[in-house]
Every structure is written in C-alpha cells, then in structure tokens.
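Engineer: In our numbering, the protein residues as written are -18 to 216. One structure, pasted below without further comment.
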Amino acid sequence: MNGGRKMRVLVIALSVAVVLVSSFNIVNSFNKEEKQNTNILNYHEDNTKNGEKTHDVGEYIEGKKPLYVDGIVVVNKDYCLPKDYKSDKEKEALAAIDKMTKDAKHEDVNLNIRSGYRSYKTQENLFNLYANRDGKEDASTYSAKPGQSEHQTGLAYDFTDASLKSVGNWFDDTKEAKWLYENAYKYGFILRYPPGKTNITGYIYESWHYRYVGTEHSNNFIMNCLTLEEYLGIN
Ligand SMILES: [Zn+2]
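Take a look at the structure:
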C-alpha cells in the first residue's frame, strides 16, 4: 500500500467510525427523550384531569365516616368527625413535635404545647361555655363546634412560649410564632388558619394552631402560602 492509498483507507475508516458513533448517540438520545415523555405522560394521566390536579377523595358520612382526601383527614365547618374518631398518626405527630421543640430550643426558641388532643365531649363543653357567653354565632368564629375541632384528631396543636400563657393574638409577634411559620413544615406541620384566609378556612388567623399532615404534604406548604382546603382542592 502506498502512502496516498493508506491515507484514503484511514479517512474512510475514520468517517465510518464517526457516522457509527453519532448515529448511536442520536438513537440513544431519542430513546431517552421518548422515555422522559412517557414518564411525563404517565404523571399527567395519574394526577391531572383537564389540567387540574385530581385527588383521592374518600366517602364521607356525617357523624359516621370522616372525610379523607389524599390520605389526610379533613376537619372543618363542612366536614366533622364522628364522636369516637381516633387517628392512627398521633404517635407520629408527637414524635415530630418532640424533634421540632428540641431543634427550636437550640435556637433559643421555647415551644410549649398549650393544647393538643381534645375529646368530643370536652369540645362540646367548651363550645357551650363560649356560646352561653357570646352567643352561638360569635362563638363559632373562634371556637369549633363538637365534631368540628381539629384537636379531636390528636394531630392539631396550639403552641405557646416559655410563659405558658393561654393562646391569643399576643403570640403573633413572638419569636416562637416566627420560628414555627418558617420551620414547622420541615417537621410535617402546617399553619392551619393563615391570615386573610377566613373565607376558606372559616376561622380567623391563628398563629399558634398547627396541624400535622406529614412531610410528604407539608413540604408543599413552604412559608404557608396555602390552606389545607386549597391544597386538597375542597375550597
Ligand atoms: Zn387550636
């Protein structure tokens, strides 16, 4: 083989190699893209209908069966709990509280629970007390009727600071309220009654009331822009 012929063979061999490598890459990236598109398609089929997120909504029977949406028990003025309701997530919530209060303490934030689980009967007595004092209508703007209190789930907690004072607007400007607002979601808690959302939640702003929903949900509530009703599509 002379020099010129050698060169030509080399060039041809190189060109073949280049074509082979690039066509392999093209096929590969097509496969990748196709795979990604299929995943996106599956996601949309599973979670959306006409562009709206769909939810797993359970059966609700007043006084008998509480409403579950996406695995979260819903308690508000439209959906109440049966008298004997018991959550299986209470232990999990208490463990999360324990971790949260310890972490807060390291930042000189003193979180104390003022109110946690409240039975149907206790709520009944409480509401009647307020209703006798202020009338039923007024009482229902700040107190839940029996069966309508999240505290009956054992997953809702009212926080106070080192003073252990009873809940109220005074808590709004404390470092404890600020810390909870910024950090509670990391532990599975959400601010249940945010400011300016009374028309959705039915309750005035409660800087002290947090609800455990688990981190898989609370991570979507970063800085508490949402209400639970909006998040679950039931507002
Ligand atoms: Zn509360």
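Each residue gets a CB set at the ideal place from its N, CA and C atoms; glycine is no exception.
1) When the Cα of Trp189 is compared with those of Ser121, Lys67, Tyr66 and Leu161, which residue comes out closest?
2) To which residues of the same chain is Glu73 closer than 6 Å at the C-beta, ignoring the five residues directly before and after it?
3) Identify the residues that DSSP records as bridge partners of Thr141: which are they?
4) Can you have a look at Leu145 and say buried or exposed, based on whether 16 or more other CB atoms are within 10 angstroms of its CB?
5) Taking only three categories from DSSP, how would you classify Lys34?
6) Would you tell me roughly how many angstroms separate the C-alpha atoms of Glu131 and Ala143, rounded to the nearest one?
7) Does the distance between the C-beta of Ala137 and the nearest non-hydrogen atom of ligand 1 fall short of 7 Å?
8) With DSSP as the reference, label Tyr191 as helix, strand or coil.
9) Helix, strand or coil, according to DSSP, for Lys16 in the structure here?
10) Report the rounded CA-to-CA distance for Gly169 versus Arg192, giving the unit in angstroms.
11) Per DSSP, Tyr49 is paired with what?
12) In the segment 140 to 186, which residue ranges form an unbroken alpha helix (DSSP H) of at least 4 residues, counting only runs that do not cross its ends?
13) By alpha-carbon positions, which one of Thr134, Gln129 and Thr141 ends up nearest to Lys156?
14) For Lys178, I'd like the list of residues in its chain whose CB is within less than 6 Å of its CB, leaving aside the five on either flank, ordered along the chain.
15) Measure the C-alpha to C-alpha separation of Gly128 and Ile203 and round it to an integer number of angstroms.
16) Leaving out five residues before and five after Asn91 in sequence, what residues of the same chain have Cβ atoms less than 7 Å from its Cβ?
17) Take the Cβ of Arg173 as the centre, count every other Cβ of all protein chains shown within 10 Å, and call the residue buried at 16 or more, exposed below.
18) Is the Cβ-Cβ distance between Pro175 and Tyr186 less than 8 Å?
19) Beta-carbon separation of Leu48 and Tyr66 under 8 Å?
20) Go ahead and pull the three-state DSSP assignment for Ile42.
21) Closer than 8 Å by C-beta to Glu40: which residues in its own chain qualify, once you throw out the five before and the five after it? Chain order, please.
22) Apply the 10 Å Cβ neighbour rule to Tyr212 and answer buried if 16 or more other Cβ atoms are within range, or exposed otherwise.
23) Go ahead and label Ser199 buried or exposed: buried means 16 or more other beta carbons lie within 10 angstroms of its beta carbon, across all protein chains shown.
24) Quick check: what's the CA-CA separation for Ile215 versus Thr182?
Structural biologist: This is what the structure holds:
1) Residue 189 sits at position 208 when you count from the first residue of the sequence shown. In terms of CA proximity to Trp189, Leu161 leads the group Ser121, Lys67, Tyr66 and Leu161.
2) As a first step, residue 73 must be located in the sequence shown, where it is residue number 92. Excluding residues within five positions, none has a Cβ falling inside 6 Å.
3) Here residue 141 is taken as the residue at index 160 of the sequence shown, counted from 1. Partner(s): Asn93.
4) Looking up residue 145 in the sequence shown gives position 164. For Leu145, the number of other beta carbons within 10 angstroms of its own is below 16, and it is reported as exposed.
5) The residue you call residue 34 lines up with position 53 of the sequence shown. Three-state result, Lys34: strand.
6) As a first step, residue 131 is located in the sequence shown; it is residue number 150 there, counting from the start. As a first step, residue 143 is located in the sequence shown; it is residue number 162 there, counting from the start. Taking the CA atoms as reference points, Glu131 sits about 24 Å from Ala143.
7) One-based indexing of the sequence shown puts residue 137 at position 156. Yes.
8) Residue mapping note: residue 191 aligns to position 210 of the sequence shown, counting from 1. The answer is strand: DSSP assigns Tyr191 an E or B state.
9) Here the question's residue 16 lines up with position 35 in the sequence shown. In this prediction, Lys16 has a pLDDT of 39, which is less than 50 and means its spatial position is unreliable; what the coordinates show is noted afterwards. For Lys16, the three-state secondary structure derived from DSSP is helix.
10) Taking the sequence shown and counting its residues from 1, one reaches residue 169 at position 188. Taking the sequence shown and counting its residues from 1, one reaches residue 192 at position 211. Approximately 8 Å, taken between the alpha carbons.
11) The sequence position of residue 49 within the sequence shown is 68, counting from 1. According to DSSP, Tyr49 shares a beta bridge with Val54.
12) Correct list: 156 to 164 and 179 to 182.
13) Working through the sequence shown from its first residue, we reach residue 156 at position 175. Of the candidates Thr134, Gln129 and Thr141, the one whose C-alpha sits nearest the C-alpha of Lys156 is Thr141.
14) Counting from one through the sequence shown, the residue named residue 178 turns up at place 197. Contacts found: Thr208.
15) Counting from 1 along the sequence shown, the entry for residue 128 is found at position 147. Counting from 1 along the sequence shown, the entry for residue 203 is found at position 222. Computed Cα separation, rounded: 29 Å.
16) Locating residue 91 in the sequence shown gives position 110, where the first residue counts as 1. The beta carbon of Asn91 is closer than 7 Å to those of Asp142, Ala143 and Glu157 in its chain, skipping five residues each way along the sequence.
17) As a first step, residue 173 is located in the sequence shown; it is residue number 192 there, counting from the start. By the neighbour-count rule (16 or more Cβ atoms within 10 Å), Arg173 is buried.
18) As a first step, residue 175 is located in the sequence shown; it is residue number 194 there, counting from the start. As a first step, residue 186 is located in the sequence shown; it is residue number 205 there, counting from the start. Yes, these two residues count as a Cβ contact at 8 Å.
19) Your numbering for residue 48 matches position 67 in the sequence shown. Your numbering for residue 66 matches position 85 in the sequence shown. It is not a contact, given that the beta carbons lie outside the stated cut-off.
20) If you number the sequence shown from 1, residue 42 lands on position 61. Here DSSP, grouped into helix, strand and coil, assigns Ile42 to strand.
21) Indexing the sequence shown from 1 puts residue 40 at position 59. Excluding residues within five positions, the ones whose Cβ falls inside 8 Å are Lys46.
22) The sequence position of residue 212 within the sequence shown is 231, counting from 1. So Tyr212 ends up on the buried side.
23) The residue given as residue 199 occupies position 218 in the sequence shown. Burial of Ser199 is indicated by the presence of at least 16 other C-beta atoms within 10 angstroms of its C-beta.
24) As a working note, residue 215 is residue 234 in the sequence shown. As a working note, residue 182 is residue 201 in the sequence shown. In this structure, the CA atom of Ile215 is about 10 Å from the CA atom of Thr182.
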